[in-house]
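*Asks:* Below is one structure. I have some questions about it.
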Amino acid sequence: MQPQARQVLLDLVKEHISTTVRDAIVVQRHTKRARLHNGADVRYRLHASDINMALQLQGQERLYAVTLPEFDDPQRSVNLTDFLRRQDTMPAPPNEISAHVQWLAVDGNVTNAPKLNHAVASTAMSLPETTASATHLLQVHQLQSSLLSEELQLYFHRVTAGMERPGSKQQQDAVLQSVATDTGLQELVPFLVRYCQQELYRTMAEAPIRLAAALLSNPHLHLESHLHELLPALVTCIVAKQLPNRKIRPEAAHALFQACQQFGTEYINLKPRVLRALWQAVQQPSSDPKVWASQYGGIVAITMFGVRVIDALLLPTILDSWDDWEKCMLEGASEDLIMVQQASLDALGTFLRKVALEEKAARLSRPELEEILGDRLVALEGEENEYTMCLV
């Protein structure tokens, strides 16, 4: 063991022993346990029961120690046979270490379901119909809406009813405005987040994305404990290969960027993990028509994170993939491919307009851009032209 690790372990052991002894002294003081010494002096001592009670108060396992009985005469002899026969002296022996087969465990904890022997368990695993007959023995704990007050239950039903009516745009706007501004909705956060997650995975519609954005916009709600349910669903809507509506990707990207901006300082690994998932969608083979929709969503989402992220992730990929996209356009124009090229041009335009001329000249080569983009470069530069680039 390394000296530094040994010292740390020694400090932890000292602290644990000191805390246990202090708690045991408190227990011993409350029990008023004393011992007469030489007929006059009163001496206090710790018993094994005091240590066990202190450990029990700390939530730790009790020690299997023996508490000796009190004797007035320290010279008195004790019969070992009589001492061992006393049931109140010796503690119960610990259970023997053993292992058995249990057919179900959740998070390492054995459930209350009846135990099955190995033969029955193997039969149940081999026959699906047998497991279906035993499902009534399982107890699955779900979110209980009955734990909410009647007002919050009514509010939740009104919100879900408004989201499930695609034709009532005004009603949805009113519901979302209420969710984004009202106070006292913290108890509804688990239910609303779970509803958004289920609807996003099931329908990938616009309404649950707007609801997620409304939840993120409410300054009175704390969503830190529910980001692991909400953000993966938004990323799925951004990089999914097939969606019912192409407008969903920019809206989901905006909601994802809003969440990263809001919780990025608190969780330093949030933005890197999100950007890694988006960049993996952009890095797919450019000549495959099945990935163009995913590339479009990834490019749109990454562009929202600023020019530094565009410079680090998008510029090399766009310049390397543009020729492949052009060859695919010559074979046959596709709406997905057109949107990928337009999103790439928007990202390049954002970089060219917001970066200083010195950095732009050092980062990009104008002849290379003209060779790749052609006449599209003029529309991206805005007021800047070739003369300003040459002057720099």
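Position 357 of the sequence shown, counting from 1, maps to 975 under my numbering, and the rest follow consecutively. Glycine is no exception: its CB is placed at the ideal position from the N, C-alpha and C atoms.
Please state if the CB of residue 645 and the CB of residue 666 are separated by a distance shorter than 9 Å.
*Replies:* Cβ atoms of residue 666 and residue 645: not closer than 9 Å.
*Asks:* Of all the alpha helix (DSSP H) runs that stay within the bounds of the segment 902-938, which reach a length of 4 or more residues?
*Replies:* The segment 902-938 contains these whole alpha helix (DSSP H) runs: 910-921.
*Asks:* Going by other Cβ atoms of all chains shown within 10 Å of its Cβ, with 16 needed for buried, is residue 871 buried or exposed?
*Replies:* Classification for residue 871: buried.
*Asks:* In three-state terms, what does DSSP make of residue 775?
*Replies:* Here residue 775 sits in helix by DSSP.
*Asks:* Quick check on residue 783: does DSSP put it in helix, strand or coil?
*Replies:* Three-state result, residue 783: coil.
*Asks:* Since residue 895 and residue 830 should fall inside the 8 Å C-beta cutoff, what is the C-beta to C-beta distance between them, to a whole number of angstroms?
*Replies:* That pair is no contact at about 17 Å.
*Asks:* Taking residue 796 as the reference, give the member of 637, 773 and 815 with the closest Cα.
*Replies:* Measuring from the Cα of residue 796, the nearest candidate turns out to be 773.
*Asks:* Quick check on the DSSP output: the alpha helix (DSSP H) that includes residue 974 runs from which residue to which?
*Replies:* Run containing residue 974: none; DSSP gives neither H nor E here.
*Asks:* Alpha carbon to alpha carbon, how far is residue 765 from residue 680?
*Replies:* Approximately 37 Å between the Cα atoms of the pair.
*Asks:* Compute the Euclidean distance between the alpha carbons of residue 849 and residue 770, then round it to the nearest angstrom.
*Replies:* Whole-angstrom Cα-Cα distance: 25 Å.
*Asks:* What would DSSP say about residue 986, mapped onto helix, strand or coil?
*Replies:* If DSSP states are grouped into helix, strand and coil, residue 986 belongs with the helices.
*Asks:* Is residue 858 helix, strand or coil by DSSP?
*Replies:* Looking at residue 858 - three-state DSSP - the assignment turns out to be coil, as it is neither helix nor strand.
*Asks:* Grab the span of the alpha helix (DSSP H) containing residue 827 for me, first residue to last.
*Replies:* From DSSP, the alpha helix (DSSP H) with residue 827 extends over 824-835.
*Asks:* Where residue 631 and residue 918 are concerned, what is the direct C-alpha to C-alpha distance, given to the nearest angstrom?
*Replies:* Approximately 54 Å between the Cα atoms of the pair.
*Asks:* What is the DSSP secondary structure of residue 886, counted as helix, strand or coil?
*Replies:* If DSSP states are grouped into helix, strand and coil, residue 886 belongs with coil.
*Asks:* Just the C-alpha distance for residue 982 and residue 922, rounded to the nearest angstrom, thanks.
*Replies:* Their backbone Cα atoms lie some 21 Å apart in a straight line.
*Asks:* Starting from the Cα of residue 851, find the closest Cα among 933, 985 and 819 and give me that residue.
*Replies:* Ranking the options by Cα distance to residue 851, first place goes to 819.
*Asks:* Using C-beta distances below 6 Å, list every residue in its chain close to residue 854, excluding the 5 sequence neighbours before and after it, in chain order.
*Replies:* Once the five neighbours on either side are set aside, residue 854 has no close Cβ partner at all.
*Asks:* Return the chain-ordered list of same chain residues with a C-beta closer than 8 Å to the C-beta of residue 628, the five sequence neighbours on each side being excluded.
*Replies:* There are no such residues.
*Asks:* Just to confirm, is the Cβ distance from residue 790 to residue 825 under 9 Å?
*Replies:* Yes, the pair counts as a contact, with Cβ atoms nearer than the cut-off.
*Asks:* Using a 10 Å radius around the Cβ and a threshold of 16 neighbouring Cβ atoms, would you call residue 802 buried or exposed?
*Replies:* By the 10 Å Cβ count, residue 802 comes out exposed.
*Asks:* Which first and last residues belong to the alpha helix (DSSP H) in which residue 648 is found?
*Replies:* Element bounds for residue 648: 621-649.
*Asks:* Could you give the DSSP three-state label for residue 944: helix, strand or coil?
*Replies:* Correct three-state label for residue 944: helix.
*Asks:* For residue 977 and residue 987, I'd like the C-alpha separation in whole angstroms.
*Replies:* Distance between the alpha carbons of residue 977 and residue 987 is about 15 Å.
*Asks:* Which residue wins for smallest C-alpha separation from residue 930, given the options 908, 940, 907 and 897?
*Replies:* Here the closest residue by C-alpha is 897.
*Asks:* Distance, Cα to Cα, residue 950 vs residue 962?
*Replies:* Answer to the nearest angstrom: the Cα atoms are 19 Å apart.
*Asks:* Specify, as a first and last residue, the run of the alpha helix (DSSP H) that residue 670 falls within.
*Replies:* Per DSSP, residue 670 belongs to the alpha helix (DSSP H) from 666-675.
*Asks:* Roughly how many whole angstroms lie between the Cα atoms of residue 928 and residue 863?
*Replies:* Taking the straight line joining both Cα atoms gives about 26 Å.
*Asks:* Taking residue 816 as part of the alpha helix (DSSP H), name the residues at either end of that continuous run.
*Replies:* That run of the alpha helix (DSSP H) goes 807-820.
*Asks:* Would you give the residue range spanned by the alpha helix (DSSP H) that residue 869 belongs to?
*Replies:* 866-881 is the extent of the alpha helix (DSSP H) around residue 869.
*Asks:* Considering only the alpha carbon of each residue, which of 809, 875 and 904 lies closest to residue 891?
*Replies:* The option with the nearest alpha carbon to residue 891 is 875.
*Asks:* Figure out for me which residue from 827, 834 and 916 has the closest Cα to the Cα of residue 902.
*Replies:* That would be 916, whose Cα lies nearest to the Cα of residue 902.
*Asks:* Given residue 948, which residues of its chain have a CB within under 7 Å of its CB, disregarding the five upstream and five downstream residues?
*Replies:* So no residue of the chain qualifies.
*Asks:* So residue 933 packs on residue 946, CB below 8 Å; how close in whole Å?
*Replies:* Residue 933 to residue 946, Cβ: 21 Å. No contact.
*Asks:* By the three-class DSSP mapping on this structure, what secondary structure does residue 678 have?
*Replies:* Coil.
*Asks:* Let me know if residue 939 comes out buried or exposed under the rule of 16 or more other beta-carbons within 10 Å of its beta-carbon.
*Replies:* The residue is buried, with at least 16 neighbouring Cβ atoms inside 10 Å.
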